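A.B. asks:
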Amino acid sequence: MAAVFPFSAIVGQDEMKLALLIASVDPSVGGVLIFGDRGTGKSTAVRALAALLPTMRAVVGCPYGCDPAKVAGLCGACDGSAVKPAAASKARAKSVAGGKGTPEPKSHAVPVPVVDLPLGATEDRVVGALDLERALAHGQKAFEPGLLARANRGFLYIDEANLLEDHLVDLLLDVAASGENVVEREGLSIRHPARFVLVGSGNPEEGELRPQLLDRFGLSVEVKTPTDLPTRIEVVRRRDTFERDPAAFIAAWQKEDAKLRRRLTAARAHLAEVEVPDRVLEQAAGLCMALGTDGLRGELTLMRSARALAAFEGDASVDDRHLKRVAAPALRHRLRRNPLEDAGSASRIERAIAERFGA
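91 is the number of the first residue of the sequence shown in the numbering used here; add one for each residue after it.
1) What whole-angstrom Cβ distance do Ser291 and Asp249 have, given they're in contact under 8 Å?
2) Helix, strand or coil: how does DSSP classify Phe95 here?
3) So what's Gly126 in DSSP terms, helix, strand or just coil?
4) Label Glu445 either buried or exposed according to how many other C-beta atoms from any shown protein chain fall within 10 Å of its C-beta, with 16 as the threshold for buried.
5) Is it right to say Pro117 is buried, meaning 16 or more other beta carbons lie within 10 angstroms of its own, or is it exposed?
6) Whose C-beta lies closer than 8 Å to the C-beta of Ala57 among residues of the same chain, with five residues either side of it excluded?
7) Measure how close the beta-carbons of Gly131 and Thr321 come, nearest whole angstrom, since I'm counting them as under 8 Å.
8) Please name the residue, chosen from Val265, Arg275, Glu295, that lies closest to Arg285 on a Cα-to-Cα basis.
9) Assuming Ser407 is part of the alpha helix (DSSP H), what are its boundary residues?
10) Using the three-state DSSP reduction, which class does Ala211 fall into: helix, strand or coil?
11) Name the DSSP bridge partner or partners of Leu278?
12) Out of curiosity, what's the CA-to-CA distance linking Pro203 and Thr317?
13) How would you call Lys107, buried or exposed, if buried means at least 16 neighbouring beta carbons within 10 angstroms?
14) Pick helix, strand or coil for Asp264, following the three-state DSSP scheme.
15) Using 8 Å for Cβ pairs, my map puts Gly297 next to Leu253. What's the rounded Cβ distance?
16) Under 8 Å Cβ to Cβ from Glu346, same chain only, skipping five residues before and after it: list those, please.
Given below as structure tokens:
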């Protein structure tokens with residue numbers, strides 16, 4: 091297995107790292123789009139995140155990594171006794187009412203999946219298809235899960251997302267909206283859970299992202315080549331040190347990564363307790379109105395991102411500080427373009443924040 095550059099050792103690109111951490115704390119934020127220059131650490135950060143994430147509990151043998159604690163949501167392949175989820179829920183309720191309780195299915199700790207979706211992937215590879223080996227050898231119709239099945243409860247990463255073929259974009263939009271993958275082909279009729287955090291990266295010079303897919307990303311960050319000399323030197327120094335002796339470099343940053351991992355675990359446990367005062371909701375809605383964002387997804391993303399940031403920092407409630415830090419990534423890709431205005435979306439957001447919150 092190839093060595094992975096430590097997340098905590100990435101120099102600069104603070105907005106990108108923060109967006110990935112926020113999406114890890116609260117997947118309902120809706121994923122992260124990373125656009126910027128080549129060679130700025132976009133893919134490195136995503137793969138580093140995979141090594142940083144805490145493990146999760148999954149049902150043993152389940153191809154979709156179902157959560158053993160959510161008995162009512164188990165798929166038909168992992169309900170433990172071949173009963174359907176509804177029946178399992180009824181049995182659980184009955185035994186709980188009798189004071190016995192229902193034991194969870196056998197589970198084990200597994201890494202959170204971070205699955206790459208290659209640009210050249212076929213639709214069958216993505217959604218799954220008939221298992222030809224079993225069909226030819228045993229005459230059985232069986233389902234071979236695809237990339238969406240592997241990504242359930244984890245991350246689906248698309249490098250060069252702006253170059254993804256249209257039919258795959260449409261497919262991802264359907265699955266992202268429903269949280270379920272439906273496969274109807276070759277006599278198979280399969281439904282399985284497919285809830286994942288979508289992470290995309292790309293270079294804007296190579297083409298823009300389709301608006302429908304762009305709107306599905308909760309956060310959008312811009313990464314640029316560092317312009318100050320000390321930062322550029324430190325990037326080169328760390329990368330060279332890592333490539334010469336990966337094991338020693340990873341060991342040197344192990345404590346920092348472990349510290350981040352503990353903060354992520356604590357933030358997830360604390361998230362439900364973080365309060366969002368009405369005044370903060372008013373500020374979020376007012377900011378979106380001032381910027382003219384379409385729909386209400388901007389406010390939802392802004393509120394969820396600010397709450398996840400508060401949880402990550404150990405705060406009891408969301409305040410203006412959190413809103414201001416997440417406003418740009420939550421809103422920059424939701425602004426209408428004004429051909430008469432030279433300022434970019436980030437500058438417009440900064441101006442609106444200054445007007446709304448003061449200097």
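Cβ coordinates follow ideal geometry from the N, Cα and C atoms, glycine included. Keep in mind the model is a prediction, meaning the values are calculated, not measured.
C.D. replies: The relevant details are as follows:
1) 5 Å
2) coil
3) strand
4) exposed
5) buried
6) Coverage of the chain is limited to positions 91 through 449, which leaves residue 57 absent and any answer about it impossible.
7) No, Gly131 and Thr321 are not in contact; Cβ-Cβ is about 12 Å, not under 8 Å.
8) Val265
9) Unbroken run through Ser407: none, as it is neither H nor E.
10) coil
11) Arg275
12) 34 Å
13) buried
14) helix
15) 6 Å
16) Pro96, Ser98, Ala99
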